[in-house]
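Structure record follows, encoded as structure tokens.
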Amino acid sequence: NKSSGPLITGNSVGASGMGDVGSLGGSASGPTNGLTLHQSQVLNLIKAYPKPEGLSFQELRSQLPSLNASVIKQAVDFLSNEGHIYSTVDDEHFKSTDAE
Amino acid sequence: LERIERNKAAALLRLANRHA
Chain A
1 NKSSGPLITG
11 NSVGASGMGD
21 VGSLGGSASG
31 PTNGLTLHQS
41 QVLNLIKAYP
51 KPEGLSFQEL
61 RSQLPSLNAS
71 VIKQAVDFLS
81 NEGHIYSTVD
91 DEHFKSTDAE
Chain B
101 LERIERNKAA
111 ALLRLANRHA
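Each protein sequence line maps, in turn, to chains A and B.
Per the numbering used here, numbering of the first sequence is gapless, rising by one per residue and ending at 100.
Per the numbering used here, numbering of the second sequence is gapless, rising by one per residue and ending at 120.
In structure tokens:
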């Protein structure tokens, strides 16, 4: 069930390219536990974020400069639909459910 | 703050449902 451990992906990105906008749903062929690369990147960043109010959308963008805002937004929407993350102080701050 | 707790509870619920 739980995907153990602090999966901290050190720094931000490295890979450029792969500019396809992830389609939500559909037959998932994601690399890790059913998430796309973008989704797991976003999730890992949120998981790794220490502050109680959660990671802001702005913060996400600056951590993932290679992704454009709509891709990040989609990932966030997806993760929140799945229950992996939830919004905190406002709709722009997110925390992971399996953090703590 | 109450809102955050609600969001969290809802999220955990979604997560649980998906793994049910």
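A virtual CB, placed ideally from N, CA and C, is assigned to each residue, including glycine.
From a predicted model like this one, the values you see are computed outputs, not experimental measurements.
Inter-residue CB distance, residue i and residue j (contact presumed, cutoff 8 Å)
i	j	result
K95(A)	I85(A)	6 Å
R118(B)	E82(A)	6 Å
L79(A)	L37(A)	Wrong, their Cβ atoms sit about 13 Å apart, outside the cutoff.
Residue i classed as buried or exposed, judged by whether at least 16 other C-beta atoms fall within 10 angstroms
i	result
H93(A)	buried
S70(A)	exposed
L113(B)	exposed
K102(A)	In the structure as shown, chain A begins at 1 and stops at 100. Residue 102(A) is therefore absent and cannot be evaluated.
L35(A)	buried
E101(B)	The displayed chain sequence assigns Leu, not Glu, to residue 101(B). Exposed, because fewer than 16 other Cβ atoms sit within 10 Å of the Cβ of L101(B).
A109(B)	exposed
A116(B)	exposed
Start and end residues, beta strand (DSSP E) containing residue i
i	result
K95(A)	93-96
S87(A)	85-87
Other residues of its chain near residue i: CB distance less than 6 Å, five sequence neighbours each side excluded
i	result
G54(A)	T88, H93, F94, K95
D90(A)	none
Residue i: first and last residue of the uninterrupted alpha helix (DSSP H) it sits in
i	result
A69(A)	69-82
S40(A)	37-48
K108(B)	102-119
Close Cβ partners of residue i (< 7 Å) along its chain, the five nearest in sequence each way excluded
i	result
A120(B)	none
L67(A)	H38
8 Å CB neighbourhood of residue i in its chain, flanking five on each side removed
i	result
V76(A)	V42, F57, L60, I85, F94
V21(A)	Any reading at V21(A) must be qualified, since the residue scores a pLDDT of 47, below 50, and its modelled position is unreliable; no value is offered.
T97(A)	G83, H84, I85, Y86
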